[in-house]
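Accompanying notes for the structure given below.
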Amino acid sequence: MAHKLFIFLSLVSFTLASGIRADVIIANKDVVSGHLSREFLRSVFTLRSTHWDDSSAIQVFVMPDNHPLHRSFVKKHLCMLPYQLRMIWERSTYSGLGRAPALVESREEMLLMIRTTRGAIGYIDSIGMPLPEGIKVIEVD
970 MAHKLFIFLS
980 LVSFTLASGI
990 RADVIIANKD
1000 VVSGHLSREF
1010 LRSVFTLRST
1020 HWDDSSAIQV
1030 FVMPDNHPLH
1040 RSFVKKHLCM
1050 LPYQLRMIWE
1060 RSTYSGLGRA
1070 PALVESREEM
1080 LLMIRTTRGA
1090 IGYIDSIGMP
1100 LPEGIKVIEV
1110 D
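At the far end of the sequence shown sits residue 1110, using this note's numbering, and the numbering has no gaps.
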(Lines of atoms letter the chains of each structure in order from A and count residues from 1; the text may use other names and numbers.)
(Lines give C-alpha, C1' and ligand atoms only; values in the text may rest on other atoms or scores of the structure.)
Protein backbone atom coordinates (compact mmCIF):
# COMPACT_ATOMS: atom_id res chain seq x y z
CA MET A 1 0.00 0.00 0.00
CA ALA A 2 2.78 2.43 0.91
CA HIS A 3 4.48 1.64 -2.40
CA LYS A 4 1.32 2.54 -4.37
CA LEU A 5 0.95 5.78 -2.41
CA PHE A 6 4.58 6.66 -3.16
CA ILE A 7 4.05 6.06 -6.90
CA PHE A 8 0.87 8.14 -6.89
CA LEU A 9 2.52 11.05 -5.07
CA SER A 10 5.53 10.85 -7.38
CA LEU A 11 3.28 11.11 -10.44
CA VAL A 12 1.39 14.06 -8.96
CA SER A 13 4.66 15.81 -8.09
CA PHE A 14 6.04 15.20 -11.58
CA THR A 15 2.88 16.54 -13.20
CA LEU A 16 2.92 19.70 -11.09
CA ALA A 17 6.66 20.23 -11.49
CA SER A 18 6.51 19.81 -15.24
CA GLY A 19 4.17 22.78 -15.51
CA ILE A 20 1.25 20.84 -16.97
CA ARG A 21 -1.79 22.92 -16.15
CA ALA A 22 -5.35 23.03 -17.33
CA ASP A 23 -6.04 26.75 -17.60
CA VAL A 24 -9.57 28.10 -17.63
CA ILE A 25 -10.70 31.48 -18.98
CA ILE A 26 -12.91 33.25 -16.45
CA ALA A 27 -14.91 36.47 -16.49
CA ASN A 28 -17.10 38.57 -14.26
CA LYS A 29 -20.70 37.32 -14.17
CA ASP A 30 -21.88 40.51 -15.91
CA VAL A 31 -19.91 39.78 -19.09
CA VAL A 32 -22.61 39.06 -21.67
CA SER A 33 -20.85 36.40 -23.71
CA GLY A 34 -20.09 32.92 -22.43
CA HIS A 35 -18.24 31.94 -25.62
CA LEU A 36 -15.38 33.70 -27.38
CA SER A 37 -13.54 32.91 -30.56
CA ARG A 38 -9.81 32.34 -30.22
CA GLU A 39 -9.30 35.43 -32.39
CA PHE A 40 -11.38 37.66 -30.12
CA LEU A 41 -9.64 36.28 -27.02
CA ARG A 42 -6.28 37.10 -28.57
CA SER A 43 -7.59 40.55 -29.52
CA VAL A 44 -8.65 41.16 -25.91
CA PHE A 45 -5.33 40.12 -24.38
CA THR A 46 -3.31 42.06 -26.98
CA LEU A 47 -5.40 45.16 -26.14
CA ARG A 48 -6.91 45.56 -29.62
CA SER A 49 -10.44 44.95 -28.32
CA THR A 50 -11.40 47.16 -25.41
CA HIS A 51 -15.18 46.68 -25.19
CA TRP A 52 -17.58 43.75 -24.93
CA ASP A 53 -20.54 43.33 -27.29
CA ASP A 54 -22.74 45.38 -24.93
CA SER A 55 -20.21 48.28 -25.11
CA SER A 56 -19.01 47.78 -21.53
CA ALA A 57 -15.26 48.17 -21.00
CA ILE A 58 -13.03 45.10 -20.88
CA GLN A 59 -10.64 44.91 -17.92
CA VAL A 60 -7.88 42.34 -18.42
CA PHE A 61 -6.15 40.69 -15.45
CA VAL A 62 -2.96 38.66 -15.83
CA MET A 63 -0.32 37.00 -13.69
CA PRO A 64 3.39 37.91 -13.87
CA ASP A 65 5.31 36.95 -17.02
CA ASN A 66 7.34 34.32 -15.17
CA HIS A 67 4.33 32.58 -13.59
CA PRO A 68 3.89 29.03 -14.99
CA LEU A 69 0.15 29.54 -15.48
CA HIS A 70 0.72 32.77 -17.42
CA ARG A 71 3.25 31.07 -19.70
CA SER A 72 0.86 28.17 -20.26
CA PHE A 73 -2.09 30.47 -20.98
CA VAL A 74 -0.18 32.66 -23.45
CA LYS A 75 1.21 29.69 -25.36
CA LYS A 76 -1.99 27.62 -25.39
CA HIS A 77 -4.66 30.27 -25.95
CA LEU A 78 -2.84 33.17 -27.62
CA CYS A 79 -0.28 31.13 -29.61
CA MET A 80 2.61 33.38 -28.65
CA LEU A 81 5.30 33.68 -26.02
CA PRO A 82 5.03 35.85 -22.89
CA TYR A 83 7.79 38.24 -24.03
CA GLN A 84 5.91 38.84 -27.31
CA LEU A 85 2.75 39.70 -25.41
CA ARG A 86 4.73 42.00 -23.09
CA MET A 87 6.17 43.86 -26.12
CA ILE A 88 2.64 44.42 -27.48
CA TRP A 89 1.51 45.82 -24.11
CA GLU A 90 4.53 48.10 -23.85
CA ARG A 91 4.06 49.42 -27.39
CA SER A 92 0.39 50.13 -26.71
CA THR A 93 1.13 51.78 -23.37
CA TYR A 94 4.04 53.93 -24.56
CA SER A 95 2.14 55.10 -27.63
CA GLY A 96 -0.79 56.18 -25.47
CA LEU A 97 -3.23 53.87 -27.26
CA GLY A 98 -3.95 51.66 -24.27
CA ARG A 99 -2.89 50.56 -20.84
CA ALA A 100 -1.31 47.32 -19.76
CA PRO A 101 -3.49 44.69 -18.10
CA ALA A 102 -3.79 44.73 -14.33
CA LEU A 103 -1.32 42.40 -12.64
CA VAL A 104 -2.37 39.93 -9.94
CA GLU A 105 0.04 37.78 -7.95
CA SER A 106 -2.07 34.74 -7.06
CA ARG A 107 -5.06 32.61 -7.95
CA GLU A 108 -6.98 34.04 -4.98
CA GLU A 109 -6.29 37.62 -6.07
CA MET A 110 -7.33 36.76 -9.65
CA LEU A 111 -10.64 35.34 -8.41
CA LEU A 112 -11.26 38.38 -6.20
CA MET A 113 -10.52 40.90 -8.97
CA ILE A 114 -12.59 39.06 -11.58
CA ARG A 115 -15.51 38.73 -9.17
CA THR A 116 -15.48 42.40 -8.13
CA THR A 117 -14.61 44.14 -11.42
CA ARG A 118 -17.30 44.67 -14.04
CA GLY A 119 -16.16 43.54 -17.50
CA ALA A 120 -13.17 41.63 -16.09
CA ILE A 121 -11.50 38.68 -17.81
CA GLY A 122 -8.59 36.52 -16.72
CA TYR A 123 -7.52 32.92 -16.28
CA ILE A 124 -6.88 30.35 -13.55
CA ASP A 125 -5.94 26.71 -13.33
CA SER A 126 -8.79 24.26 -12.88
CA ILE A 127 -7.60 23.13 -9.45
CA GLY A 128 -10.17 23.98 -6.81
CA MET A 129 -13.19 24.14 -9.06
CA PRO A 130 -16.10 25.01 -8.71
CA LEU A 131 -15.76 28.75 -8.98
CA PRO A 132 -17.10 31.21 -6.43
CA GLU A 133 -20.33 33.07 -7.10
CA GLY A 134 -19.91 36.07 -9.40
CA ILE A 135 -17.49 34.38 -11.81
CA LYS A 136 -18.23 32.40 -14.94
CA VAL A 137 -16.16 30.21 -17.23
CA ILE A 138 -15.70 31.45 -20.79
CA GLU A 139 -15.60 28.79 -23.50
CA VAL A 140 -13.15 29.38 -26.35
CA ASP A 141 -14.09 28.11 -29.81
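The C-beta atom is built at its ideal place from N, Cα and C for all residues, glycine as well. Given the structure is predicted, the values throughout are model-derived calculations rather than measurements.
The shortest CA-to-CA distance from D992 to any of G1103, E1102 and M1098 is the one to M1098.
In this structure, the beta-carbon distance from I1027 to V1013 falls below 8 Å. Comparing C-alpha distances from L1016 to each of L1100, S1002, D1023 and V1031 shows the shortest one belongs to V1031. Beta-bridge annotation (DSSP): H1004 is paired with E1108.
Shown here for W1021: same chain residues with a beta carbon closer than 8 Å to its own, the five before and five after excluded, namely V1000, V1001, S1002, I1027 and G1088 in chain order. Using a Cβ distance threshold of 8 Å, D1034 and R1055 count as a contacting pair.
Judged by beta-carbon spacing, I994 lies beyond the 8 Å limit of V1073, meaning their Cβ atoms are not closer than that value. Here G1065 is exposed, its C-beta having fewer than 16 other C-beta atoms within 10 Å. Judged by beta-carbon spacing, R1084 lies within the 8 Å limit of I1104, meaning their Cβ atoms are closer than that value.
Look at H1036 here: in three-state DSSP terms it is coil, with no helix or strand label. In the structure shown, V1043 adopts helical secondary structure according to DSSP, grouped into three states.
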